[in-house]
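Below: one structure, written as structure tokens.
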Amino acid sequence: MQVSVRRLAVYPLCAARFGQSRGTFLSPVLRCLAPSTRTLFSETGVWEKDYRTETRRRVEEWWHPRIMAQWKKDAQDESANRRKFYVLSMFPYPSGRLHMGHVRVYTISDTIGHFQRMRGHEVLNPMGWDAFGLPAENAAIERGLDPEEWTKSNIQSMREQLDSLGLCFNWDREVTTCLPDYYRWTQFLFVNLFEAGLAYQKEAVVNWDPVDQTVLADEQVDENGRSWRSGALVEQKLLTQWFIKTTNYGKPLLDALEDLPEWYGVKSMQANWIGECTGCYFDFKLKVNGEETGETLSAYTFSPETVFGVAYLAILPSHRLLHGSSSVRSALQKAFQPGRDSLTEVTAHNLFTGHKVPVVISHKEGFDGYLDTVLGIPDCSEEDLSVATALNLRWTTVLNTHEDGTQTLINSEEYSGLSREQAFDSITQKARERKVGGHLTSSKLRDWLISRQRYWGTPIPVVHCGSCGPVAVPEEELPVTLPKLPSLTGEGVSPLEAAHDWVNCKCPRCKGPARRETDTMDTFVDSAWYYFRYTDPHNSSRPFARDQADHWLPVDVYIGGKEHAVMHLYYARFLCHFCRDQGLVAHREPFHKLLVQGLIKGQTFKLADSGQYLKRKDIDFTGEEPAALSGGPIEVTWEKMSKSKHNGLDPQDVVQQYGVDTVRLYILYAAPPEQDILWNVKTDALPGVLRWQSRLWQLVTKLREARQLGDNPNPSLLKKKELAEAKKIWENKNYVIQEVTTHFTEDFLFNAAISRLMGLTNTLSSATARILQHSLEFEEGLAALVLMTAPMAPHLASELWAGLCQVKNPLCPLIQQGGDVLQQAWPSVDPEYLEVPDFVEVSVLINNKVCGSVVVPVQVSKDSSRVQQLVLESPMGQKLLSKRSIKRAILSPRTALINFLINE
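Counting in my numbering, the sequence shown runs from 56 upward without gaps.
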């Protein structure tokens, strides 16, 4: 067999393989020399009649580098006439190996990217690496490696894996959070937060992970009190930590959700996390015996309009002031009496009203379940009145109740005479202006704890000076880079403490001796702004240029796992709101549409008595039910894929067996994006997409063969019955274009889109020979079908389009113009189709088996009783259902489908 040099030169699909050391891919030369009679039309000009495994492999090898190169070329075409479309998938942690969840999310983003580019948009589909964090540090400790070397090696491996899947990212915009040119700007944003009074350090009772030896934010502890990453039971420690005052943005973050489209339940998750923002904090300075202590305390109230009527400030017995190194600790402990409310010698000076009130240690274990510092206002609470009376405290009455039940303020300075609602707005606004509180937030929302006591993270750009206190590192001295350390131990003390030359420094303000902050930032800080950096990734003077961010933001579609629907999204939204207030960007919300995708689950087998997970080789599948070879009953479930559960799949193996396009189609067809996929190759999804690809190939083959007969196509030869058939194809084509476009732009139901395309395939496959030979409608329908398949199966569609464009004597202008399929415009509905009444073709199933379809007016297509009636009145219904007992008719809420359940 002759092997052309041309064939050997285009083999990057094999060269960019998963994990090269494993050697599971054949070399390009050996693969090309494998015995085969298959040909490739785009290479040889000879059309292969059937779409076989070898043909599929050759098609993907040929088109892979060309599609990638064309995407890169198009990305560099910055046409001012094109509208932007920013599709963003959550960037991965570089573990070194892709898993099927990665394949799912990036297949979705790649599909949307191709679709939007075909619609004429300038598309941004970037990729990067969430590269700091504990896994790399722990792996480095275990292996005696530098976490930077470990991380960079993993990035290289995963980059090759992503390329081998044919995913078209804008790699020229790649970001890596552990590189100084990225975390320099993470530090810059921290300094901005610090200077705005939103980043602060305080002693706090924190969540300590005894395994990972670091602090966790409240959001990183599950409902069972265990660490989100290690699973260890979290301990409570009193440590000095850095926080970001996200509570100041509670109300804006809650209100902004109203302006966003539906996020598949995530908006409600965000709202529930934030809570009802009906109160606020006020700031107090603490004194003992009239002397300033330097302590500032924020206390919450549900009724900020009554702040002039505060009788006391209450703290819990567990409050940090009683247990840490606070200057008021001894005074508080001296007064504390367990089991009762304790009046102390500590007074709190209200920075808004100027009044001072005593600090009371409450006998309670919690305030409203979340708070540890509240204001006691007798006018608003019977309980507060009881405490104030029992402790013989004095206070000012501030509410005047009128005969009609309304209340106005009294004894409240310039706010007297206002209604409670008016005073609420005026007082909170004035407190915000004076920067002494007043930011509306909920009682359960907490500030963001960002300190981590580990090495592999962004250094916090602060130095501690004996004279000046904490001082931010000036912008011109950023980045504060991580020092190289001889070894890492992970023994609970920040490794940076050991870098003495790095820790000891000069104060930027007074030039005196100082020490660098040795905590690093939580990785969620890095990922709270990466979507900004993608818009201007090589900017060396700013984190991003405003014109670039304003051009691309908000992200049009943001894709990722539902597990990030609270923490990451909340932090990212907060930082965007802050950047808007700083004048760095015009948009307050970073993401317009959110598309959350479910898990890909594998089947697990575990012993019922011990819970031990078994490998498939340890199970006997010959009986009616699976049984352990070692004996004993087993439980069969579906769980998230994991090595430890022996239910994982290596994407490399799956792609090698079925091909890239088949895996893409399976992922898109098996379930709507937000639902879990139960990976089972024996289900209808995988055989279904394999058959569909072959049927698409057969359609192009049939048209090519029909035109080889020698007769020139002549639509005028079609008779009345054939013209009616052609019209049906035309109607179905337009209907499918309309439906698929909606699925790609509105609800992202790619499974429904594929079902529609399969329906059009059925229509074209049943066309008679004369329609095939002489019908413009058939050609247009087939062209539209291939074009709409292209974003989901780009390699196959590219080859189909090449074969279609070389059909003899084509009637369709689209086919005549040629070019690659992904360079074509997305098909549009013919104007005359929109002028006729809208109809929907509803598939009819009887006991889950497809029996045909009926066309119904779109107005009644969601009315189950009307659709059922029209089906029963149709010739098909009369034939198949008139003499049968119908138990139930189920109309699908998402797809045009009705299922009749009957008694056999």
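Here a beta-carbon is modelled for each residue, glycine too, at the ideal position from N, C-alpha and C.
Remember, predicted model here, so these are calculated numbers, not experimental data.
- Between N405 and V442 a beta carbon distance of about 18 Å is seen, past the 8 Å cut, so the two are scored as non-contacting.
- In this structure, DSSP gives N455 an extended state, which the three-state scheme calls strand.
- By the 16-neighbour rule on beta-carbons within 10 angstroms, G424 is exposed.
- Beta-bridge analysis with DSSP links D675 to A682.
- Excluding the 5 residues flanking it on each side, Y141 has same chain C-beta neighbours closer than 6 Å at L179, W607, V610 and D611, in chain order.
- Note on geometry: alpha-carbon atoms of S522 and E572 lie some 16 Å from one another.
- R507 sits in a strand when the DSSP states are folded into three classes.
- Each of E854, S919 and E959 was checked against the Cα of W102, and the nearest Cα belongs to E854.
- Using a Cβ-Cβ distance cut-off of 8 Å, the stretch 340–355 and the stretch 317–330 are not in contact, since fewer than three pairs of beta carbons, one from each stretch, lie closer than that value.
- Membership of V442 in any beta strand (DSSP E) is not indicated; the residue belongs instead to the alpha helix (DSSP H) covering E437 to A445.
- Between the stretch 584–593 and the stretch 282–302 there are fewer than three C-beta pairs closer than 8 Å, too few to call the two in contact.
- When only Cα atoms are considered, R111 and T301 end up about 52 Å apart.
- Runs of alpha helix (DSSP H) with 4 or more residues, each lying fully within the stretch 621–678, are found at 622–636, listed in chain order.
- As the crow flies, the alpha-carbon of D201 is around 28 Å from that of E530.
- Here A944 is bridged, per DSSP, to F955.
- Annotation: M622 to A486 spans about 28 Å, alpha carbon to alpha carbon.
- Residue state for R501 is assigned as coil, using DSSP reduced to three classes.
- The secondary-structure analysis by DSSP pairs P525 across a beta bridge with H519.
- Secondary structure at M155: helix, using DSSP grouped into helix, strand and coil.
- The stretch 369–378 makes contact with the stretch 408–427: 3 or more CB pairs, one atom from each, lie closer than 8 Å.
- Here the stretch 923–936 makes no contact with the stretch 864–884; the two share fewer than three CB pairs at distances below 8 Å.
- For W557 and K539, the gap between their C-alpha atoms comes out near 10 Å.
- Of the candidates G907, V911 and V913, G907 places its Cα closest to the Cα of F955.
- Look at the beta carbons and you see the stretch 842–853 touching the stretch 717–730: at least three pairs across the two are nearer than 8 Å.
- By the Cβ test, the stretch 909–917 is in contact with the stretch 888–897, since at least three Cβ pairs between them sit closer than 8 Å.
- The Cβ neighbour count for H169, taken over all protein chains shown within 10 Å, is at least 16; the residue is labelled buried.
- Apart from the 5 residues on each side of it in sequence, R228 sits with its Cβ closer than 7 Å to the Cβ of P181, Y589 and P592 in its chain, given in chain order.
- The DSSP assignment places complete beta strand (DSSP E) segments of no fewer than 3 residues inside the stretch 318–398 at 334–343, 346–356 and 367–370, in order along the chain.
- When secondary structure is reduced to three states using DSSP, C560 falls in the strand class.
- In the structure shown, E177 falls within a strand segment according to DSSP collapsed to helix, strand and coil.
- Taking a contact as a CB-CB distance under 8 Å, the pair V691 and Q658 counts as one, their CB atoms being some 7 Å apart.
- In the pairwise beta carbon analysis, the stretch 751–771 is classified as not touching the stretch 184–203: fewer than three pairs are separated by under 8 Å.
- Apart from the 5 residues on each side of it in sequence, T408 sits with its Cβ closer than 7 Å to the Cβ of V362 and F363 in its chain, given in chain order.
- Annotation: the continuous alpha helix (DSSP H) that includes K934 extends over P930 to L935.
- The three-state reading of DSSP puts I432 in coil, since its state is none of H, G, I, E or B.
- Non-local beta-carbon contacts of D439 in its own chain, meaning distances under 6 Å to residues more than five positions away in sequence, involve G431, I432 and P433 in chain order.
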